[in-house]
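Chemist: Numbering (the working numbering), first residue to last: 1176 to 1432. Beta carbons are placed, not taken as given, at the ideal position from N, Cα and C, and that holds for glycine.
1. Quick one: which unbroken alpha helix (DSSP H) runs of 4-plus residues sit fully inside the segment 1269 to 1309? Chain order, please.
2. Would you check if the segment 1273 to 1292 and the segment 1250 to 1259 touch, i.e. whether three or more CB-CB distances between them fall below 8 Å?
3. Rounding to the nearest angstrom, what Cα-Cα distance links residue 1401 and residue 1332 in this structure?
4. What's the gap between the Cα of residue 1413 and the Cα of residue 1352?
5. Would you list the residues sitting across from residue 1412 in a DSSP beta bridge?
6. Which value, in whole angstroms, describes the spacing of the CA atoms of residue 1261 and residue 1293?
7. Assuming residue 1359 and residue 1306 make a contact with CB atoms under 8 Å, what is their CB distance in whole Å?
8. Does the beta-carbon of residue 1269 have 16 or more other beta-carbons within 10 angstroms, so that it is buried, or is it exposed?
9. Find the nearest neighbour of residue 1435 within the set 1280, 1249, 1271 and 1304, judged by alpha-carbon distance.
10. Taking all protein chains shown into account, decide if residue 1250 is buried (16 or more other Cβ within 10 angstroms of its Cβ) or exposed.
11. Cβ of residue 1335 within 8 Å of Cβ of residue 1235?
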């Protein structure tokens, strides 16, 4: 587990013991245990135990974090916002964040930073959070529905998902399918909207990767998901053998830009 915290005293004490200390019970407990490792002047001990001022997660900040390895992006996010981040290194391994630049609240910035990683934030309090994989729905076949019928329902729904994704990606020339390869995972809510997504493999173009994540966030499937659906859904976009992009004229609203 790795803990990021924009608090110099905590980071200095942690460096002296050679590793990050685990979080037990609460951040205050963790800080107290860390401070007791060595004597400090009374004033500094008191300040450390009380902790830094709580971060206003709704305050608008100027955030500029380039696309990079997720762990590095989270460390920079922590320094810019002052929020505490507890993340399992194995969970973050191999995942990349998209770049963000602009004025956002800490929560909004984090949501944008995690887009496409397949992870979501779980807040322990307003200025501290951990990361976890979205809870996938458990497949339950209703009574009276045969496994063969459930298979047909899932197959039909898969076609609806394909159409929704194609329609969404066709809205931009950069994300129009046919000229690149990408492996995606989607978590779809009961209302048909894509609640979370993960770009499992890069297209080889960071700008296109970011555009894909943005387009997927705007995707909505025009039919309810069957109760037997397993999530996340995994989609593989493959390039056309001729190297041409998909003809998106059939999708109303495709901008072609």
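Modeler: According to the structure shown:
1. 1281 to 1289
2. yes
3. 7 Å
4. 8 Å
5. 1357
6. Rounded to the nearest angstrom, the two C-alpha atoms are 17 Å apart.
7. Beta-carbon to beta-carbon, residue 1359 and residue 1306 are separated by about 19 Å, too far to satisfy the 8 Å threshold.
8. Residue 1269 is classed as exposed because its beta carbon has fewer than 16 other beta carbons within 10 Å across all chains shown.
9. The shown model of the chain, from 1176 to 1432, leaves out residue 1435, and the question about it has no answer.
10. buried
11. no
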